[in-house]
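Asks: Here it is, the structure, as structure tokens.
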Amino acid sequence: MHALTAPTADLVLRAHPLAAPGVVQVRGGQTLAAMLAEASGGAGLSPDLEVRVGGYVVPAAWWGKLRPKPGSCITVTRSALAGGGDGWKQVLGAVVLIVVSYFSAGWGASLYGAGTAGASAFAAGVTLAASLVVNALIAPPTPSGGTNATEGQWNQLTGSANSFNPWGVIPFVIGDCRFFPPIAAIQYNEVVGESAYFHCLFDLGYGDIEVYDIKIGDTSISLYDEVQYEVTKAPTLYTNDVFEASVGASLAVGDVVERTTAPGTQSSSIDIVHPQGLFGVGTSNKTFGLSNAFKVLYRPTGTTTWLQPHNVRWSGLGPLYPTENIPGCNAFVSKETKKPFSAGMAWDYPAPGQYDVQVTRLAARRGSSDNTYIDACTWALLRSVKYTNPSTTGTWKLAMRIKATDQLTGTLQTVSCRVRQKIGVYDRATDTWSRQFSTNPAWCAYWLLTGCEGLSRHVAAAQIDLDSFADFAEWTDAMAFAARKVCDSATTAWELINGLLAGSLGSLGRRNGKYCVVFDSGQQQRTMSFSPLDTKNLRVSRKFIDLPQALRVQFKNPDADWQDDEIIVLDDGFSYRGVDARGLPSTAPEPERFETLKIEQAMGAFQAWQVGRYHLAQGKFRPNVITWDSDVAGLGTTRGDLVDVAHDVTEWGIGWGRVISLRPATDIAGAAAWLVLDEAIVTEAGKSYSVQLRKATGEVEVVRVIGAGGESNGFALQDMPVGVAIGDAVILGLTGQETKQLLVTGVTYGQDLGTSFTAVEADQRVHPFFLEPPDEIVSEISGAIYDGPAEPQVISVVSGLYNDATDDAGIRSNRVLIGVRKPSGHETEGLLA
1 MHALTAPTAD LVLRAHPLAA PGVVQVRGGQ TLAAMLAEAS GGAGLSPDLE VRVGGYVVPA
61 AWWGKLRPKP GSCITVTRSA LAGGGDGWKQ VLGAVVLIVV SYFSAGWGAS LYGAGTAGAS
121 AFAAGVTLAA SLVVNALIAP PTPSGGTNAT EGQWNQLTGS ANSFNPWGVI PFVIGDCRFF
181 PPIAAIQYNE VVGESAYFHC LFDLGYGDIE VYDIKIGDTS ISLYDEVQYE VTKAPTLYTN
241 DVFEASVGAS LAVGDVVERT TAPGTQSSSI DIVHPQGLFG VGTSNKTFGL SNAFKVLYRP
301 TGTTTWLQPH NVRWSGLGPL YPTENIPGCN AFVSKETKKP FSAGMAWDYP APGQYDVQVT
361 RLAARRGSSD NTYIDACTWA LLRSVKYTNP STTGTWKLAM RIKATDQLTG TLQTVSCRVR
421 QKIGVYDRAT DTWSRQFSTN PAWCAYWLLT GCEGLSRHVA AAQIDLDSFA DFAEWTDAMA
481 FAARKVCDSA TTAWELINGL LAGSLGSLGR RNGKYCVVFD SGQQQRTMSF SPLDTKNLRV
541 SRKFIDLPQA LRVQFKNPDA DWQDDEIIVL DDGFSYRGVD ARGLPSTAPE PERFETLKIE
601 QAMGAFQAWQ VGRYHLAQGK FRPNVITWDS DVAGLGTTRG DLVDVAHDVT EWGIGWGRVI
661 SLRPATDIAG AAAWLVLDEA IVTEAGKSYS VQLRKATGEV EVVRVIGAGG ESNGFALQDM
721 PVGVAIGDAV ILGLTGQETK QLLVTGVTYG QDLGTSFTAV EADQRVHPFF LEPPDEIVSE
781 ISGAIYDGPA EPQVISVVSG LYNDATDDAG IRSNRVLIGV RKPSGHETEG LLA
């Protein structure tokens, strides 16, 4: 059995920058202090040493903890120059190059050290959603979008009933939604004879909308009798501000009842209800008609003189018949009916104000005392009317007048309707805009930014990166994503738009000073390469998340009549109810760790599944967060960009430099160009290397290196790169591993044109993880199966003696023959016992 060879490291030492180098080998895998001690031969180290690893100063207190990684460049500088010769062995020189050939620990060891210093990175369980909100490219959607509303207020205004919300938020629909519009004006009753009618006004919000499929509860409005409605900004069915006061005062003969109107009243109306009808019964049990007489007066509140109403509009009540003589009577009703009915009247006042209204029941003509008289009545309502628009918001209204008698009870609080928004949609092929009904998330977000009346401020079209919106529109169309939401709570435009885009795996960003959409298409093109030449302070961190094994995704489902729904989204390797994440039969263990992801908008179950899987993928495949600082070279990079990063600490690339010269190579077999850098780089013979060149335009080109081995600043290239200039940045690494691809998740700009970046690894496993949803998804709320096999159509049901069956014992069994047809048109028959 062969003994293992201990790893070694070569130290190239100089007593001062101009001295000839000395070389000593030390064991690899040691701490920095152990390497320095071994290199010095046990002699004491100079107290004025500055040690840098990868360009970063390492305090002396950390020398015993840090284990340099393979290829790490360690520079030890002494503030005072020493003599030549062997003096470097004592003072350890001015420059030390340590090439570690083997290192057993992971890449993060040079950051966290050899002792317990790295243990602090292991935090207690952090939820997936909380981690992604801070670190992910696309943060998960969160209820209420942020700080201006609480989770408890989610859809409270327009969730499941019509609410009265004076001075509150005016809602508006994004895309296409069913919602319960808020009450725009106080509902009131109108009584016409024996029938009562509700007058209602609802606020449909802002935009260019179409309203359809109006329901009261679960019943279509088309199934109600005597209903009128209109969708308009200038209602005609509800034109005034009406305050309806319930009086409820029984009126016996001689009773006088007074009530006061609301301030600013211009007109009043009263309703007098006869709850048992109005009729008499003679001694022969025959019915006959009866009448009731009233005196109705008014006066300005605070005065003493009662006045007669003029220009009265009658509704059941009427003037006294000429054949009657009842002193003081100015309102009269005569009927023969056993049905309850209401009789009313209305009049205008000479000036707006507050008035007292007095109703007196007078004695009416009666016959014999042997007869029975059914004439009880009650003053039911007093209405105060202002001739003004009941709502001045300028928004769309649903005005309705509907017969309540025998159809409705109480007030209307369950009126809902489908509303869809007409917005501008851009056609990139023809470079034209058209207005159409659309649920595309990109154009809904564009409308919110530029033209939604519900937002107080807008962005000019010149400040929007239209191409990014068009790219996102095409991607969401391909993914079958839709935006459906009712904005009914106070929020900011930024929170609203980001919350909407998050439901389709996008977010709002800025590029070149313009608003853009950031999304993870999985096909981004790299836009920049960073190397230690233009970066500093690179750090890699990880939050150790107790990843959930499944998500409970909650959302409003159009396929569940727009009610709250919930589905289970599994991680790979688990099953639920006998199927895996893709809906295939599985015996894998069921999940035990769940998290809830609540999406504050309406969407189909398959879109909700993909949103959940995407965020599972981010937590699973992008746990590391990388930060670094750059100079002016980073100004063109923004959030969402795919960039290449090289660094010695993380072993992304093995060397870098800037172009000194580039010429054709005629003397090297297979080479087309000879590249000279300002830095020497060590390569190993027998390995395949490539260089990545970043040109002044930002364009990146990768070219294979011909021949490798040893330390050199000149390299033969397989092809002649085009457009390369002196000073362009170059990164060298193993072919296909020249750099690490990262997705930029955050950019901040500092003084002196400096930039700071946050990024995650662009792991290519993320995109396929949330594609190909299962064929069927089961609701956890109702048990409904979405996109399962369509129910068969019943085409015949036959029951008869000839269908019955008799067994060997002569016992007859009843059977029904049912014929069904599949949606494809294929017909079959079956027996139902």
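In case it helps, the UniProt record's numbering puts the sequence shown at residues 1 to 833. Glycine is no exception: its CB is placed at the ideal position from the N, C-alpha and C atoms.
1) What would DSSP say about residue 253, mapped onto helix, strand or coil?
2) Starting from residue 594, follow its DSSP beta bridges and name the residues at the other end.
3) With a threshold of 8 angstroms between beta carbons, is residue 136 in contact with chain C?
4) Only counting runs of 3 or more residues, tell me where the beta strand (DSSP E) segments fall wholly within the region 675-733, in order along the chain.
5) Between residue 635 and residue 758, which are expected to be in contact by the criterion C-beta below 8 angstroms, what is the C-beta distance as a whole number of angstroms?
6) Decide yes or no for the touch test of the region 304-318 against the region 341-351: beta carbon pairs closer than 8 angstroms, at least 3 of them.
7) Work out the CA separation of residue 534 and residue 32 for me, nearest whole Å.
8) Report the partner residues of residue 377 according to the DSSP bridge assignment.
9) Along the chain, where does the alpha helix (DSSP H) that runs through residue 628 open and close?
10) What's the call for residue 793, buried or exposed, on a 16-neighbour Cβ count within 10 Å?
11) Rounded to whole angstroms, what's the CA-CA distance from residue 551 to residue 777? Just pull it up for me.
12) On the premise that residue 732 lies in contact with residue 889, defined as a C-beta separation below 8 angstroms, what is that separation, rounded to the nearest angstrom?
13) State the Cα-Cα distance for the pair residue 343 and residue 292, rounded to the nearest angstrom.
14) By the three-class DSSP mapping on this structure, what secondary structure does residue 557 have?
15) Out of 371, 374 and 775, state which residue places its alpha-carbon closest to the alpha-carbon of residue 787.
16) When the Cα of residue 628 is compared with those of 252, 418, 760 and 597, which residue comes out closest?
17) Within 10 angstroms of its Cβ, does residue 612 collect 16 or more other Cβ (buried), or is it exposed?
18) Indicate the three-state DSSP secondary structure (helix, strand or coil) for residue 189 in the structure shown.
19) I need the straight-line Cα distance from residue 815 to residue 593, nearest angstrom please.
20) Would residue 608 pass as a contact of residue 545 if the rule is Cβ separation under 8 angstroms?
21) Can the beta-carbon of residue 355 be found less than 8 angstroms from the beta-carbon of residue 301?
22) With respect to the alpha helix (DSSP H) encompassing residue 468, which residues constitute its N-terminal and C-terminal limits?
23) Please say whether residue 604 and residue 421 have beta carbons closer to each other than 8 angstroms?
24) Does DSSP put residue 611 in a helix, in a strand, or in coil?
25) Restricting to runs no shorter than 3 residues, where is the beta strand (DSSP E) found entirely within the UniProt domain "Tip attachment protein J HDII-ins2" (244-386)?
26) Between which two residues does the alpha helix (DSSP H) harbouring residue 445 extend?
27) Spatial neighbours of residue 417 within its chain, please: CB distance less than 6 angstroms, with the 5 preceding and 5 following residues excluded, ordered by chain position.
28) Check whether the Cβ atoms of residue 503 and residue 601 sit closer than 8 angstroms, and answer yes or no.
29) Going by alpha carbons, who is nearest to residue 170 out of 204, 525, 192 and 543?
30) Looking at residue 781: is its Cβ nearer than 8 angstroms to the Cβ of residue 141?
31) Measuring alpha carbon to alpha carbon, tell me which residue in 712, 725, 651 and 796 is nearest residue 737.
32) Using 8 angstroms as the cut-off, can you tell me whether the region 236-243 makes contact with the region 508-528, which would need three or more C-beta pairs spanning the two stretches below that distance?
33) Below 8 angstroms, can you find three or more Cβ-Cβ pairs linking the region 680-691 to the region 709-724?
34) Residues in the same chain with beta-carbon distance under 6 angstroms from residue 122, minus the five sequence neighbours each way, listed in chain order, please.
35) I believe residue 715 touches residue 753 by the beta-carbon criterion, under 8 angstroms. Please report the beta-carbon distance rounded to the nearest angstrom.
36) Whole angstroms are fine: how far does the CA of residue 656 sit from the CA of residue 538?
Replies: Let me lay it out:
1) Looking at residue 253 - three-state DSSP - the assignment turns out to be coil, as it is neither helix nor strand.
2) Paired residues: 550.
3) Here there is only one protein chain, and chain C is not present.
4) For the region 675-733, whole beta strand (DSSP E) runs of length 3 or above, ordered along the chain, are 689-694, 700-706 and 710-717.
5) Distance from residue 635 to residue 758 at the Cβ level is roughly 16 angstroms; contact not present, criterion being Cβ atoms closer than 8 angstroms.
6) Under the three-pair Cβ rule at 8 angstroms, the region 304-318 counts as touching the region 341-351.
7) Going by the C-alpha atoms only, they are around 26 angstroms apart.
8) Answer is 251, bridged to residue 377.
9) Per DSSP, residue 628 belongs to no alpha helix (DSSP H); it is in the beta strand (DSSP E), 624-630.
10) The residue is exposed, with fewer than 16 neighbouring Cβ atoms inside 10 Å.
11) Rounded to whole angstroms, the gap between the alpha carbons of residue 551 and residue 777 is 14 angstroms.
12) Nothing about residue 889 can be read from this structure; the chain reaches only from 1 to 833.
13) Cα to Cα, residue 343 sits roughly 11 angstroms from residue 292.
14) Of the three classes helix, strand and coil, the one that applies to residue 557 here is strand, per DSSP.
15) When only C-alpha atoms are compared, the closest one is 775.
16) The residue with the shortest Cα to Cα distance from residue 628 is 760.
17) Classification for residue 612: buried.
18) It is a strand residue.
19) Residue 815 and residue 593: Cα-Cα distance of roughly 49 angstroms.
20) The Cβ-Cβ distance between residue 608 and residue 545 does not fall below 8 angstroms.
21) In terms of Cβ geometry, residue 355 and residue 301 form a close pair [threshold 8 angstroms].
22) Bounds of the alpha helix (DSSP H) holding residue 468 are 466-479.
23) Cβ distance not < 8 angstroms, so residue 421 and residue 604 don't count as in contact.
24) Residue 611: helix per DSSP, three-state reduction.
25) Runs of the beta strand (DSSP E) inside the UniProt domain "Tip attachment protein J HDII-ins2" (244-386): 256-260, 265-274, 279-281, 290-300, 313-315, 331-335, 341-353, 355-362, 372-374 and 377-386.
26) Note, residue 445: alpha helix (DSSP H), 441-450.
27) The answer, listed in chain order, is 211 and 214.
28) Yes, the Cβ-Cβ distance between residue 503 and residue 601 is below 8 angstroms.
29) Minimum Cα distance to residue 170 is reached at 204.
30) No. Outside cutoff.
31) It is 651.
32) Cβ pair count under 8 angstroms is below three, so no.
33) Contact between the region 680-691 and the region 709-724 is present, with at least three C-beta pairs closer than 8 angstroms.
34) With a pLDDT of only 29 at residue 122, under the threshold of 50, the placement of this residue in the model should not be trusted, and no figure is reported.
35) Contact flag wrong, Cβ pair sits at about 31 angstroms.
36) Residue 538 and residue 656: Cα-Cα distance of roughly 16 angstroms.
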